[in-house]
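See structure below.
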Amino acid sequence: MPVQKLTLAEPGQASAESGPGQAGAESGTTGRPPLHLADLDPGERRAAAERLGQQRFRGDQLSRHYFVRLTDDPDDMTDVPAAARGPLAEALLPRLLSAEQEFSCDQGQTRKTLWRAFDGAYVESVLMRYPGRVTMCVSSQAGCGMACPFCATGQAGLTRNLSAAEIVAQVVAGARTLAAGEVPGGPGRVSNVVFMGMGEPLANYPRVVAAVRRITDPAPDGLGISRRAVTVSTVGLVPAIGRLASEGLPVRLAVSLHAPDDALRDQLVPVNRRWKVAEVLDAAWEYAAATGRRVSIEYALIRDINDQAWRAEALAGLLAGHPAHVNLIPLNPTPGSKWTASEPDVMREFEQRLALRCIPVTVRDTRGTEIDGACGQLAAAGRAEVTPAGPLRPATAGGAEVTPADPLRPATVGGAEVTPADPLRPATAGPPRPAPAGG
Ligand code: SAH
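In this text, residue positions in the sequence shown follow this note's numbering: the first is 86, and each later residue adds one.
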């Protein structure tokens, strides 16, 4: 049977959870990432092979090539008839991301990649090798609509959601690099995946859940990474946390709390104006009960903003008796921001106050700061480097410089105020940008 180019009227329509199709619609742009095998579940892959005039098991063969052999090169697919390889690969294994730049530090054991998507959107991923494990930090959106003022990504607004396959492609790329022995320490595998790159994963819910399934499904249907080794980090979108709890996917949930009180959290994490600290934590405890997983509480320590002793005590009070672990992260200042990390002794005291109240706590490793690979720095610097003609974005939000003296600046995204009543609104920050601002 002849192989023709696969065209699906509505990519991924067989499963609302799998398609990249809505990415453009939700972001206000028209572009849709090309459909890819990793957008589809195994049944949909077989159906796609059939629609291409091929036998259904070709879908499984392609899965094995992509998820196990980590290849999308038709020349490697010697178990597929020569005439069918090219068209199958073209239809189901298009290259979604091209590496624009690579940065590394820690003797090559931390590597950041700046990726360019089909429409020019930039996203970043970071590979971090530690003794005994390798963590991939992936982006779930190009940009972010959550507008947290201390986060570089939050200040440029949302460009668009990534498709499931665009998320998976970041992990596959890391897995390839490791398998090829390109990371010092010998050939290896990705053991952990954290959704802590650009974007708010729960604002791109169906595609993130589909990506988690591809990442955790046993080989050859997926990458076979343990579900317990996947962390989804969120600002605290309460309904989505509830939905995630019911997926039967016991991934670790991380909640970016950053303040124990609503007055401050309303400013640091503007979505708090919609879902308050108490509601977010209730959702987190329900998540923990449903999945049996302790929740990570992320807390970026910002000098003189959220690092006071009374806030440590208030945080301990909120968490006492609940299955939580606190990750304290020294703030990684965004360029031009007057906010900075807490003093080391203040951090130690904050940590000790929690520990004395029997709250499990660690100060998070800040790998990658030298390559802007640390929290919140992704793609902002890279974008400035790859588009030298473009203005270097100062650390401003909606035209107002973010200063510690003014933590109450309005939360704006590309000039449009973030309405707390509708934090999940699509990005309406102007026309589609051909070379979108990642940062
Ligand atoms: N949107 C998700 C995931 C992306 S950011 C979330 O907010 O959880 C991953 C973590 O890095 C979050 O806890 C975020 O608050 C934190 N972060 C962002 N910018 C940071 C910065 N400049 N310094 C330290 N942590 C930062």
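For every residue, glycine included, the Cβ atom is placed at its ideal position computed from N, Cα and C.
Report back the beta-carbon spacing between residue i and residue j to the nearest angstrom; my notes put them in contact at under 8 Å.
{"i": "Gly228", "j": "Leu243", "result": "5 Å"}
{"i": "Leu349", "j": "Ala401", "result": "That belief does not hold up - the Cβ atoms of Leu349 and Ala401 are roughly 16 Å apart, past 8 Å."}
{"i": "Ala202", "j": "Leu182", "result": "6 Å"}
{"i": "Gln240", "j": "Gly284", "result": "Contact doesn't hold; Cβ gap of about 13 Å is too wide."}
{"i": "Val279", "j": "Leu247", "result": "That pair is no contact at about 15 Å."}
{"i": "Val268", "j": "Arg214", "result": "6 Å"}
{"i": "Ala405", "j": "Arg442", "result": "6 Å"}
{"i": "Ala123", "j": "Ala249", "result": "6 Å"}
{"i": "Pro119", "j": "Pro179", "result": "4 Å"}
{"i": "Gln255", "j": "Ser224", "result": "7 Å"}
{"i": "Ala375", "j": "Leu308", "result": "The Cβ separation is near 24 Å, so there is no contact."}
{"i": "Gln194", "j": "Gly270", "result": "7 Å"}
Would you call the CB atoms of residue i and residue j closer than 8 Å?
{"i": "Asn277", "j": "Thr220", "result": "yes"}
{"i": "Tyr372", "j": "Ile326", "result": "yes"}
{"i": "Glu436", "j": "Leu413", "result": "yes"}
{"i": "Pro445", "j": "Ala399", "result": "no"}
{"i": "Pro305", "j": "Phe152", "result": "yes"}
{"i": "Val275", "j": "Pro286", "result": "no"}
{"i": "Leu147", "j": "Leu173", "result": "yes"}
{"i": "Val340", "j": "Ile390", "result": "no"}
{"i": "Phe235", "j": "Thr419", "result": "yes"}
{"i": "Arg154", "j": "Asp161", "result": "yes"}
{"i": "Arg328", "j": "Val253", "result": "no"}
{"i": "Gly230", "j": "Ala314", "result": "no"}
Sorted by chain position, which residues of the same chain lie with C-beta nearer than 8 Å to residue i's C-beta, five sequence neighbours on each side aside?
{"i": "Arg312", "result": "Val297, Thr301, Leu334, Pro335 and Val336"}
{"i": "Arg388", "result": "Leu416, Trp424, Thr425, Ala426, Ser427, Glu428, Val431 and Pro489"}
{"i": "Arg141", "result": "Arg131, Ala132, Ala134 and Glu135"}
{"i": "Pro476", "result": "Since pLDDT at Pro476 reaches only 24, below the 50 mark, its modelled position is unreliable, and the value read off the structure follows with that caveat. Counting only Cβ-Cβ distances below 8 Å, and skipping sequence neighbours, we find nothing."}
{"i": "Leu386", "result": "Asp392, Leu413, Ile414, Pro415, Leu416, Ala426, Ser427, Val431, Met432 and Phe435"}
{"i": "Trp370", "result": "Val380, His407 and Pro408"}
{"i": "Ile310", "result": "Val256, Val275, Ser276, Asn277, Val278, Ile300 and Thr301"}
{"i": "Ala394", "result": "Glu434, Phe435 and Arg438"}
{"i": "Thr163", "result": "none"}
Who are the Cβ neighbours of residue i in its own chain at under 6 Å, not counting the five residues just before and after it?
{"i": "Arg196", "result": "Ser189 and Leu212"}
{"i": "Lys361", "result": "Asp347"}
{"i": "Met281", "result": "Cys222 and Ser318"}
{"i": "Leu353", "result": "His343 and Ala344"}
{"i": "His410", "result": "Arg379, Ser381 and Pro445"}
{"i": "Arg478", "result": "Residue confidence is low: Arg478 scores 26 on pLDDT, short of 50, so the model does not pin down where it sits. No coordinate-derived value is stated."}
{"i": "Pro303", "result": "Gly309"}
{"i": "Glu251", "result": "Pro118 and Leu181"}
{"i": "Pro492", "result": "Caution applies to Pro492, whose pLDDT of 29 falls short of 50 and renders its modelled position unreliable; the model cannot decide the point."}
{"i": "Asp204", "result": "Gly116"}
Bridge partners of residue i, per DSSP?
{"i": "Gly193", "result": "DSSP, once it has assigned bridges, lists no residue as partnering Gly193."}
{"i": "Asn412", "result": "Glu383 and Thr447"}
{"i": "Gly228", "result": "Leu243"}
{"i": "Ala426", "result": "Ile387"}
{"i": "Thr316", "result": "Val279 and Arg337"}
{"i": "Arg214", "result": "Val219"}
{"i": "Arg201", "result": "Ser183 and Tyr207"}
{"i": "Phe235", "result": "Its beta-bridge partners do not exist; DSSP assigns none."}
{"i": "Phe188", "result": "Lys197"}
Among the residues of its own chain, which have a CB less than 7 Å from the CB of residue i, if the five just before and after it don't count?
{"i": "Thr156", "result": "His150"}
{"i": "Leu263", "result": "Val219, Pro272, Gly273, Arg274 and Val275"}
{"i": "Gly109", "result": "The predicted position of Gly109 is uncertain, since its pLDDT is 37 and thus under 50; no value can be drawn from it."}
{"i": "Ala184", "result": "Thr198 and Trp200"}
{"i": "Val165", "result": "Arg143, Gln146 and Leu173"}
{"i": "Glu332", "result": "Val294"}
{"i": "Val323", "result": "Trp360, Glu364, Val365 and Ala368"}
{"i": "Arg449", "result": "Asn412, Leu413 and Ile414"}
- Task: Mind the definition here: the region 318 to 331 touches the region 365 to 376 only if three or more C-beta pairs lie below 8 Å; say whether that holds.
- Result: yes
- Query: Would you call the region 132 to 140 and the region 166 to 177 in contact, with 3 or more CB pairs under 8 Å?
  - Reply: yes
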